[in-house]
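Colleague: Residue 513 in UniProt numbering sits at position 513 of the sequence shown; the count goes up by one each step and never skips. Glycine included, every Cβ here is placed at the ideal spot set by N, Cα and C.
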Amino acid sequence: MDTRTATAELGWTANPSSGWEEVSGYDENLNTIRTYQVCNVFEPNQNNWLLTTFINRRGAHRIYSEMRFTVRDCSSLPNVPGSCKETFNLYYYETDSVIATKKSAFWTEAPYLKVDTIAADESFSQVDFGGRLMKVNTEVRSFGPLTRNGFYLAFQDYGACMSLLSVRVFFKKCPSVVQNFAIFPETMTGAESTSLVIARGTCIPNAEEVDVPIKLYCNGDGEWMVPIGRCTCKAGYEPENNVACKACPAGMFKANQGAGICAQCPTNSRSTAEASPICTCRNGYYRAESDPPEAACTSVPSGPRNVISIVNETSIILEWHPPRETGSRDDVTYNIVCKKCRADRRSCSRCDDNVEFVPRQLGLTETRVFISNLWAHTPYTFEIQAVNGVSNKSPFPPQHVSVNITTNQAAPSTVPIMHQVSATMRSITLSWPQPEQPNGIILDYEIRYYEKVSRICTPEISSTVGSRPATDHNEYNSSMARSQTNTARIDGLRPGMVYVVQVRARTVAGYGKYSGKMCFQTLTDDDYKSELREQLPLIAGSAAAGVVFIVSLVAISIVCSRKRAYSKEAVYSDKLQHYSTGRGSPGMKIYIDPFTYEDPNEAVREFAKEIDVSFVKIEEVIGAGEFGEVYKGRLKLPSKREIYVAIKTLKAGYSEKQRRDFLSEASIMGQFDHPNIIRLEGVVTKSRPVMIITEFMENGALDSFLRQNDGQFTVIQLVGMLRGIAAGMKYLAEMNYVHRDLAARNILVNSNLVCKVSDFGLSRYLQDDTSDPTYTSSLGGKIPVRWTAPEAIAYRKFTSASDVWSYGIVMWEVMSFGERPYWDMSNQDVINAIEQDYRLPPPMDCPAALHQLMLDCWQKDRNTRPRFTEIVNTLDKMIRNPASLKTVATITAVPSQPLLDRSIPDFTAFTSVEDWLNAIKMSQYRDNFLTAGFTSLQLVAQMTSEGITSVIHPTRKWIQDNPDRKAHRHTALFLFHWQGTPPPCSTR
1 MDTRTATAEL GWTANPSSGW EEVSGYDENL NTIRTYQVCN VFEPNQNNWL LTTFINRRGA
61 HRIYSEMRFT VRDCSSLPNV PGSCKETFNL YYYETDSVIA TKKSAFWTEA PYLKVDTIAA
121 DESFSQVDFG GRLMKVNTEV RSFGPLTRNG FYLAFQDYGA CMSLLSVRVF FKKCPSVVQN
181 FAIFPETMTG AESTSLVIAR GTCIPNAEEV DVPIKLYCNG DGEWMVPIGR CTCKAGYEPE
241 NNVACKACPA GMFKANQGAG ICAQCPTNSR STAEASPICT CRNGYYRAES DPPEAACTSV
301 PSGPRNVISI VNETSIILEW HPPRETGSRD DVTYNIVCKK CRADRRSCSR CDDNVEFVPR
361 QLGLTETRVF ISNLWAHTPY TFEIQAVNGV SNKSPFPPQH VSVNITTNQA APSTVPIMHQ
421 VSATMRSITL SWPQPEQPNG IILDYEIRYY EKVSRICTPE ISSTVGSRPA TDHNEYNSSM
481 ARSQTNTARI DGLRPGMVYV VQVRARTVAG YGKYSGKMCF QTLTDDDYKS ELREQLPLIA
541 GSAAAGVVFI VSLVAISIVC SRKRAYSKEA VYSDKLQHYS TGRGSPGMKI YIDPFTYEDP
601 NEAVREFAKE IDVSFVKIEE VIGAGEFGEV YKGRLKLPSK REIYVAIKTL KAGYSEKQRR
661 DFLSEASIMG QFDHPNIIRL EGVVTKSRPV MIITEFMENG ALDSFLRQND GQFTVIQLVG
721 MLRGIAAGMK YLAEMNYVHR DLAARNILVN SNLVCKVSDF GLSRYLQDDT SDPTYTSSLG
781 GKIPVRWTAP EAIAYRKFTS ASDVWSYGIV MWEVMSFGER PYWDMSNQDV INAIEQDYRL
841 PPPMDCPAAL HQLMLDCWQK DRNTRPRFTE IVNTLDKMIR NPASLKTVAT ITAVPSQPLL
901 DRSIPDFTAF TSVEDWLNAI KMSQYRDNFL TAGFTSLQLV AQMTSEGITS VIHPTRKWIQ
961 DNPDRKAHRH TALFLFHWQG TPPPCSTR
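#1: Run through the segment 594 to 641 for me and flag every whole beta strand (DSSP E) of 3 or more residues, listed as ranges in chain order.
#2: How about the segment 33 to 44 and the segment 161 to 169: do they share at least three Cβ pairs that are nearer than 8 Å?
#3: Take the Cβ of ALA488 as the centre, count every other Cβ of all protein chains shown within 10 Å, and call the residue buried at 16 or more, exposed below.
#4: Skipping 5 residues on each side, what residues in its chain have a beta carbon closer than 6 Å to that of ASN736?
#5: Apart from the five residues on each side of it in sequence, which residues of its chain come closer than 8 Å, Cβ to Cβ, to VAL80?
#6: Pull up the CB-CB distance for ILE55 and PHE171, whole angstroms please, since I reckon it's below 8 Å.
#7: Short check: CB of PRO412 to CB of PRO438, under 8 Å?
#8: Could you check the C-alpha separation between GLN938 and CYS857 for me, to the nearest Å?
#9: Ignoring anything shorter than 3 residues, give me the beta strand (DSSP E) runs that lie fully in the segment 640 to 689, in order along the chain.
#10: Please tell me whether ILE879 and ALA726 are closer than 8 Å, where the distance is taken between their beta carbons.
#11: Is LEU146 helix, strand or coil by DSSP?
#12: Per DSSP, which one or two residues make a beta bridge with ILE490?
#13: Taking contact to mean 3 or more Cβ pairs, one atom from each stretch, closer than 8 Å, check whether the segment 225 to 235 and the segment 197 to 210 are in contact.
#14: Under a Cβ-count criterion, where at least 16 other Cβ atoms within 10 Å of its own Cβ denotes burial, should ASN404 be classed as buried or exposed?
#15: My output table needs one value for PHE155: the three-state DSSP class, helix, strand or coil.
#16: Where does LYS756 land, buried or exposed, given buried means 16+ other C-beta within 10 angstroms?
#17: Note down, in chain order, each residue of its chain lying with its Cβ closer than 8 Å to the Cβ of ASN312, except the 5 sequence neighbours on either side.
#18: In angstroms with no decimal places, state the Cα-to-Cα distance between ALA833 and LYS877.
#19: Pull up the DSSP beta-bridge partners for PHE382, would you.
#20: Between the Cα of ALA848 and the Cα atoms of LEU840, ILE831 and LYS886, which residue gives the shortest distance?
#21: Would you mind giving the Cβ-Cβ distance between VAL683 and ILE611, rounded to the nearest angstrom? I have them listed as a contact below 8 Å.
#22: Do you know how far the Cα of SER422 is from the Cα of SER479?
#23: Across which residues does DSSP place GLY25 in a beta bridge pair?
#24: Classify HIS739 as buried or exposed, calling it buried when 16 or more other Cβ atoms lie within 10 Å of its own Cβ.
#25: Where ASP599 and ARG659 are concerned, what is the direct C-alpha to C-alpha distance, given to the nearest angstrom?
#26: Below 8 Å between beta carbons: does that hold for THR649 and GLY628?
#27: Relative to the C-alpha of THR87, which residue among ILE118, PRO433 and ALA288 is closest?
#28: Which first and last residues belong to the beta strand (DSSP E) in which HIS321 is found?
#29: For PRO866, I'd like the list of residues in its chain whose CB is within less than 8 Å of its CB, leaving aside the five on either flank, ordered along the chain.
#30: Determine the extent of the alpha helix (DSSP H) in which PHE705 is found, giving its start and end residues.
#31: Would you report the Cα separation of THR147 and GLU94, rounded to the nearest angstrom?
#32: Which value, in whole angstroms, describes the spacing of the CA atoms of ASN676 and PHE868?
#33: Is the distance from the Cβ of residue 1067 to the Cβ of ARG282 below 8 Å?
#34: When the Cα of THR314 is compared with those of CYS279, ASP927 and PRO379, which residue comes out closest?
#35: Quick test of the definition: if touching needs 3 or more C-beta pairs under 8 Å, does the segment 258 to 274 touch the segment 368 to 386?
#36: Starting from THR935 and walking both ways along the beta strand (DSSP E), at which residues does that stretch end?
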């Protein structure tokens, strides 16, 4: 409502009729206006009301009223009574419909809400009126919140002389606006002057939101605040005057949403429509997956040029020039396709998997490749393909150049392995498989052998196949034998002697290389007599059952004749057990050191299964070893369920020696089959990286597993773990395998708490890292001092008995929940202590029977230590009789306890008790000793072990009520240092 320009009758309601009066007048600009005036100042008790017509709210929550009026100065009126006023009241009344008319109105304050009392800033007098000087007041008031459809305004006069020139009623709003490529609608202000009203924006056409939902705040003055969030033009559209998004014209593109502008299509691409986010490549041109939309489209390379081939028997070198056209790319590589063909080259097939390509077959960056392990006298076709980053986009095969070659005649490859079939006092019967690459028809085999001066092939193995022996002077007096088949009997040998044997195959191209040197031994006279004694019961039995024997002979003759007929054509297929010896028991597996093979790859092929890398899926890194990282993965072999596995990898850039050492662990593990020995699943050697795949043990290494679960297992559970470890070591001992590094860190634990012996590698002899205090150099090797028997440290004499010593340390680790043996003592201090017959004290709450078993394992004389068979039996008895584990061992000294020597320590190296405590790193107990009265070294020298315990723990009850492992360890260390030899120190 706005009466400023109204000239017609306003029609407001006045009460009483003698009050407000509507008249026409002039404003300050002499414009005709309609006004209401009242001037009953000479009459007392004035109460004059003026009510506007119904005003529609139109959605506003807060209303503003602007009033222009004049007021007569009461002091300028002569004889005016005291009831003269210069103010009036403003009211409003909310309603949903028109209720007040001229005939019916209510004139009390009850239904009205007072807005304010309006006072004039200035009033006029008779002088002003006479001079036609108008003093107009303008006042604005607001009220709210409003919730009904509309309202009335009411003006109350109670004794003023005034004129209401105009009334303007309005509300405030924020206008519709476009900001940050978003449209914000017209928004009413809030109910209060300080209110902020949120207006949600919508992106303009062809724009998208960025960051957070976009919004603007409308304040109480109808002004927009700072916007939050924004929109930007979509891909294919560019901004125009910051208020619109314009489509990119044909021939241009915009790849990303944002404020960027359209750009011309890159080379060899085009856009035929507006608003293109990318330009499509022209025919024959492509983009790689990694190429950005802004990159030019490129093409595939042409074929390589000027191929040169150099054939050397069964290998070939291929060299070529790069293609003339690279397709405008710099990522050209080469693939080699190998095809083996018939003599007439009418048909070709893919080459065998054993063909080797150096440096690789696919993804070559060099223009040269060496190919070996080809068949002799065989036609081959090699395709050299040139590919780049877009070759896989082309529907056509890569451009290539072909070269046809025929390999030359070549001698056969080496015989991979030999097996001892039988032995007598003067003969050895051997068998071997055909070379992997005969390269023609094998005419015969040549066997070279000689008697070894020493009867020992390796320090650990005195019979069976052995290691590569050093050059022997008898080697120059070798004897020769020939065989038309892959089996030979060597006669004329001496009883009980070790012979070194090699074999090689011959074709029309000549002899191949000799196989690796292998050791075999004839029977001694005692062995021969022992075999005869074993056969006597058979002879007696056969004599008693002559008829059955004759029938058996007939049957055996028939079977043997059939076998002979079959063997004339059969090639070597069944590998004989590589475990029998001249002295071993029939059927007993004996461990074979893989380093007895001249070519360690033969041992890998013999004992480990090759797995296709496509069956293996690597998931995550779980550790790192000396040779590379260790992963958790999955293995899915054909016709078998998928299982989790641990995957050891050989890091890139390895030497041949590192590869041999890495795979030696697989050659060792592959010989073992026991539930408490880590199981080898297989190896991957025909692709990179080289992998050793074993079963996956969910709980990892035993030492860290125990530390993470300190105190969580019962004694019976711990004994069960120890029993599993002992069973695995019993199996290894029976196979004549010496572990050398038995420790809790090398025991793995699965989800069922089954412990399995692991770590059969030789890294402890190879690593040069002196930063690891676990291993100490000794005689050219690395020895884990804290776990190693004294004879092994001093003389490198490793036996199953030294493994028993290590097992005793493992027992201590298990019962102490992963405590470090000998705590923070140096390796040299440990060696000195062991030499002086000191032994580890029982861990906290350790049963006395278990600690006694540990002490048995730590006997200085290795011949008096228990064997693993006895250890397993002892632990089984404990498990069957848990009551035997209830007696807890104590660290209190007794004369028979091997840890403690009753001799008095030499304190002459120290001047005070404090010096002594500092030397043994126990200075935190200084006050305990002084409080207890031990103020001199003479008094300390007279202390008993019980006295030391009482000084560390002032009350025995405290120890019983607070079973703390740290306190227990400190007590043991005090006893150790007090009764041991103090560290060397200069005497003052």
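Modeller: In terms of the structure at hand:
#1: 616 to 624 and 629 to 635
#2: yes
#3: buried
#4: ILE590 and TYR591
#5: VAL41, PHE42 and CYS74
#6: So it is not a contact: roughly 11 Å between Cβ atoms.
#7: yes
#8: 37 Å
#9: 643 to 649 and 680 to 684
#10: Contact annotation: ILE879 and ALA726 have beta-carbon atoms that are not nearer than 8 Å.
#11: Correct three-state label for LEU146: coil.
#12: ILE428
#13: yes
#14: exposed
#15: Secondary structure of PHE155 (DSSP, three-state): strand.
#16: That one is buried.
#17: ASN408
#18: Roughly 32 Å between the two C-alpha positions.
#19: CYS338 and VAL403
#20: Among LEU840, ILE831 and LYS886, the Cα nearest to that of ALA848 is on LYS886.
#21: 7 Å
#22: 20 Å
#23: Bridge partners of GLY25: ILE33.
#24: That one is buried.
#25: 12 Å
#26: yes
#27: ILE118
#28: 315 to 321
#29: VAL804, LEU853, ASP856, CYS857 and THR874
#30: 702 to 708
#31: 8 Å
#32: 14 Å
#33: The requested residue 1067 is not part of the displayed model; the chain covers only 1 to 988.
#34: Of the listed residues, the one whose Cα sits closest to THR314 is PRO379.
#35: No contact exists between the segment 258 to 274 and the segment 368 to 386.
#36: Counting along the chain, THR935 falls outside any beta strand (DSSP E), and DSSP gives it neither H nor E.
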